Amino acid sequence: AQSVTQLGSHVSVSEGALVLLRCNYSSSVPPYLFWYVQYPNQGLQLLLKYTTGATLVKGINGFEAEFKKSETSFHLTKPSAHMSDAAEYFCAVILPYTGRRALTFGSGTRLQVQP
Amino acid sequence: DTGVSQDPRHKITKRGQNVTFRCDPISEHNRLYWYRQTLGQGPEFLTYFQNEAQLEKSRLLSDRFSAERPKGSFSTLEIQRTEQGDSAMYLCASSPSPANYGYTFGSGTRLTVV
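Heads up: the sequence lines are chains Z and U, in that order.
Per this note's numbering, the very first residue in the first sequence carries number 33; after that it's consecutive.
Per this note's numbering, the very first residue in the second sequence carries number 55; after that it's consecutive.
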């Protein structure tokens, strides 16, 4: 079985501050991991993904995430928050080579950016 | 190609009515997924197609729900005898094979059952 847990349903930061959104996964095999962003009344947009190889992955809009197998984590970071980063962020997991094709999403973290 | 298109964007229906949503995936993507998202929650998987074959269905997909992808291109999701609990955002996504590239989502159809 696969699952993701996002710690903190709401995170508030000041503009220019570090953004850290937490994601922990549970899986029986090495997973593929994704972060998506959702703006109000929109679909989800892929920010970045980890499949194999380098454990630090860079995505769009200055975001990056590091796969840490020992901690079963895939936290999302951005050095300096912008007002435009305010949105809902979802971590997702899929287990390759298991026959499952569907992503499993966490419950999301709403990021608020204060001026 | 302009991405994944969903129609309509919004649907308000009375309880007990049938509704149908359409999804047009990215043309070269052979995999198509339907998800449901309620307020404050992450998307929940409903069903998955590879080409025209429906290969996986969630337990969330009750008998009142049916999905088709007749020619391996667009897909429809029908809900019969709608209930207030069906109110949600219905998201469609597509991906190439293999799916490690991630999904491309449409903007969703927001269903409100009154």
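Note that the Cβ used here is the ideal one computed from N, Cα and C, for glycine as well.
Predicted model only: the values in this text are computed from it and were never measured.
* Grab the span of the beta strand (DSSP E) containing Glu110(U) for me, first residue to last. => Position 56 of the second sequence, counting from 1, holds the residue named residue 110(U). Start and end: 107-111.
* Asked: Who are the near neighbours of Gly126(U) in its chain, counting only those whose CB is closer than 6 Å to its CB and skipping five residues on each side?
  -> On the second sequence, residue 126(U) is found 72 positions in, with the first residue counted as 1. Counting only residues of its own chain and dropping the five nearest sequence neighbours on each side, Gly126(U) has a CB closer than 6 Å to the CB of Asn105, Glu106.
* Asked: Considering Asp61(U), what are the terminal residues of the beta strand (DSSP E) in which it resides?
  -> Locating residue 61(U) in the second sequence gives position 7, where the first residue counts as 1. Asp61(U) -> beta strand (DSSP E) spans 59-61.
* To do: Look up Gly38(Z) in the DSSP assignment and say whether it is helix, strand or coil.
  => Translated into the one-based positions of the first sequence, residue 38(Z) becomes position 6. As written in the sequence, residue 38(Z) is Gln, which differs from the Gly given in the question. Shown here, Gln38(Z) sits in coil according to DSSP, grouped into three states, outside any helix or strand.
* On a CA-only basis, which of Ser120(U), Thr67(U), Asn84(U) is nearest Ala147(U)? Give me that one, please. => Numbered from its first residue, the second sequence carries residue 147(U) at position 93. The residue with the shortest Cα to Cα distance from Ala147(U) is Asn84(U).
* To do: For the beta strand (DSSP E) containing Gln144(Z), list its first residue and its last residue.
  => Start at 1 with the first residue of the first sequence, and residue 144(Z) comes out as number 112. For Gln144(Z), the uninterrupted beta strand (DSSP E) segment begins and ends at 141-146.
* Asked: DSSP beta-bridge partners for Met115(Z)?
  -> On the first sequence, position 83 is the one that residue 115(Z) refers to. Bridge partners of Met115(Z): none, in fact.
* Determine the closest residue to Lys26(Z) out of Ser44(Z), Ser102(Z), Glu96(Z), with distance taken between C-alpha atoms. => Because chain Z is modelled from 33 through 147, residue 26(Z) falls outside the range shown and cannot be assessed.
* Give a yes or no on whether the C-beta atoms belonging to Gln38(Z) and Thr141(Z) are separated by under 8 Å. => The count along the first sequence starts at 1 and reaches residue 38(Z) at position 6. The count along the first sequence starts at 1 and reaches residue 141(Z) at position 109. It is a contact, given that the beta carbons lie within the stated cut-off.
* **Per-residue burial, His42(Z) [other beta carbons within 10 Å of its own, 16 or more giving buried]** => Taking the first residue of the first sequence as 1, we reach residue 42(Z) at position 10. It is exposed - the Cβ of His42(Z) has fewer than 16 other Cβ atoms within 10 Å.
* Closest residue to Ser139(Z) among Glu47(Z), Thr83(Z), Pro128(Z), Trp67(Z) (Cα-Cα distance) -> Against the first sequence, residue 139(Z) aligns to sequence position 107. That would be Trp67(Z), whose Cα lies nearest to the Cα of Ser139(Z).
* To do: Starting from Thr87(Z), follow the beta strand (DSSP E) in both directions and report where the run begins and ends.
  => By one-based count along the first sequence, residue 87(Z) stands at place 55. Premise fails: Thr87(Z) is in no beta strand (DSSP E) and is neither H nor E.
* Asked: Beta-carbon separation of Gln71(U) and Met143(U) under 8 Å?
  -> To locate residue 71(U), count along the second sequence from 1; it is residue 17. To locate residue 143(U), count along the second sequence from 1; it is residue 89. Result no, Cβ atoms of Gln71(U) and Met143(U) do not sit closer than 8 Å.
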